[in-house]
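Student: In this note's numbering, the protein residues as written are 34 to 329.
#1: For residue 126, name the three-state secondary structure that DSSP assigns.
#2: For residue 144, which residues from the same chain have a beta carbon less than 7 Å from its beta carbon, with the 5 sequence-adjacent residues on both sides left out?
#3: By how many angstroms is the C-alpha of residue 321 removed from the C-alpha of residue 163?
#4: Suppose you measure from the CA of residue 101 to the CA of residue 111; what does that come to, to the nearest Å?
#5: Pick out the complete beta strand (DSSP E) segments inside the region 156-183, 3 residues or longer, and give them in chain order.
#6: On a Cα-Cα basis, can you pick out the residue from 207, 295 and 150 that is closest to residue 115?
#7: From residue 83 to residue 185, what distance separates their C-alpha atoms?
#8: Drop a sphere of 10 angstroms on the beta-carbon of residue 253, count the other beta-carbons inside from all chains shown, and report buried for 16 or more, exposed for fewer.
#9: When the Cβ atoms of the region 68-81 are set against those of the region 234-249, are three or more pairs found closer than 8 Å?
#10: Taking the Cβ atom as the reference point for each residue, do residue 304 and residue 147 lie within a distance shorter than 7 Å?
#11: What residues are listed by DSSP as bridge partners for residue 143?
#12: With a threshold of 8 Å on Cβ separation, who are the neighbours of residue 285 within its own chain once the five nearest residues in sequence on each side are excluded?
#13: Using the Cα positions of residue 315 and residue 113, report the straight-line distance between them to the nearest angstrom.
#14: Verify whether the separation of the beta carbon atoms of residue 233 and residue 67 is less than 7 Å.
#15: Just curious, the alpha helix (DSSP H) that residue 308 is in, first and last residue?
#16: By how many angstroms is the C-alpha of residue 117 removed from the C-alpha of residue 131?
#17: Within a Cβ cutoff of 7 Å, which residues of the same chain sit near residue 325, ignoring the five residues on either side of it in sequence?
#18: Residue 161 and residue 289 - do their beta-carbons sit closer together than 7 Å?
#19: Taking all protein chains shown into account, decide if residue 153 is buried (16 or more other Cβ within 10 angstroms of its Cβ) or exposed.
#20: Measure the Cβ-Cβ separation of residue 230 and residue 55 and say whether it is below 7 Å.
#21: For my contact list, residue 317 and residue 142 are in at a C-beta cut-off of 8 Å; report their separation, rounded to the angstrom.
#22: Where does residue 323 land, buried or exposed, given buried means 16+ other C-beta within 10 angstroms?
#23: So, residue 182 versus residue 209, is the Cβ gap smaller than 7 Å?
#24: For residue 306 and residue 105, what's the separation of their Cα atoms in angstroms?
#25: What do you get for residue 137, buried or exposed, if any count of 16 or more other CB atoms within 10 angstroms of its CB means buried?
#26: Given this structure, state the Cα-to-Cα distance separating residue 275 from residue 257, to the nearest angstrom.
#27: Around the Cβ of residue 328, are there at least 16 other Cβ atoms within 10 angstroms (buried) or fewer (exposed)?
#28: Roughly how many angstroms lie between the CA atoms of residue 313 and residue 302, to the nearest whole one?
#29: Where do the ends of the alpha helix (DSSP H) carrying residue 81 lie?
#30: Can you find the residues in the same chain that come closer than 8 Å, C-beta to C-beta, to residue 358, ignoring five residues on each side of it along the sequence?
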């Protein structure tokens, strides 16, 4: 009785931090904000290089299908690795009574514990744990660097209108780098949240901004490709030449494939989002992934 009371007190003291607070909506926004970013801004180039009339749409659909299946496989691996780890722990410590108790806790609203390193450890042994952690850190680090550089380039017109650039054309300047640093420092407090569900409103705001950019790009595409907005005949002929069904070369096709893949990269956030999702049944997980991938 005293042991059970102690466990109950520990769970109560954990408060909402140890409970699943994520909904389908909040999880969807977090997945979408992970996917739809710099990769989506590169899709026009990918479509141009691979053939925007036929090959590019096929590649986009194929990439989305593969991304959906890989996310579902990752979730299953996380669930199995957690079950195996907790099952082994219960057998070593408390026997069948504690195993039953732990199973009941897993079916409750307790926050999940699946991680990349546990999946790698269960699949390839203990040495793979540190290796997988290093890979995730490197991936997130270079993604952060890439987004920072992209942010600096997007802020360039605003910064140049306020401070006269010291060099002609694009490239890093003191003012541009300072603007990038200021924005990074402004969003840094958001990284101190203990769970991704707390960022659901930020994810919704990011989706609204990306939707606005998408509408602007779509209008500009119609303006260029179909002569909307008073383009002259020479421009129309040049735009028609850019409409093609197949890539002009194998090199451009191979260069564009990573751009399609980067548009659906969100796997480093899949397990944390699944850990916070309420009632993460297979049907709800499939619904989450399906309604996140295809709108993206």
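For each residue, glycine too, the CB sits at the ideal point set by N, CA and C.
Tutor: Put simply:
#1: The predicted position of residue 126 is uncertain, since its pLDDT is 44 and thus under 50; no value can be drawn from it.
#2: 51, 52, 53, 308 and 309
#3: 30 Å
#4: 16 Å
#5: none
#6: 150
#7: 28 Å
#8: exposed
#9: yes
#10: yes
#11: 52
#12: 82 and 83
#13: 13 Å
#14: no
#15: 303-309
#16: Note on residue 131: pLDDT 43, under 50, position unreliable in the model; the coordinate value appears next. Whole-angstrom Cα-Cα distance: 15 Å.
#17: 61, 64 and 65
#18: no
#19: buried
#20: yes
#21: No, residue 317 and residue 142 are not in contact; Cβ-Cβ is about 14 Å, not under 8 Å.
#22: exposed
#23: no
#24: 13 Å
#25: Confidence in residue 137 is poor, its pLDDT being 42 and thus under 50, which makes the residue's placement too unreliable to answer from.
#26: 10 Å
#27: exposed
#28: 15 Å
#29: 76-83
#30: Here the chain covers residues 34 to 329 and nothing more, so residue 358 does not appear.
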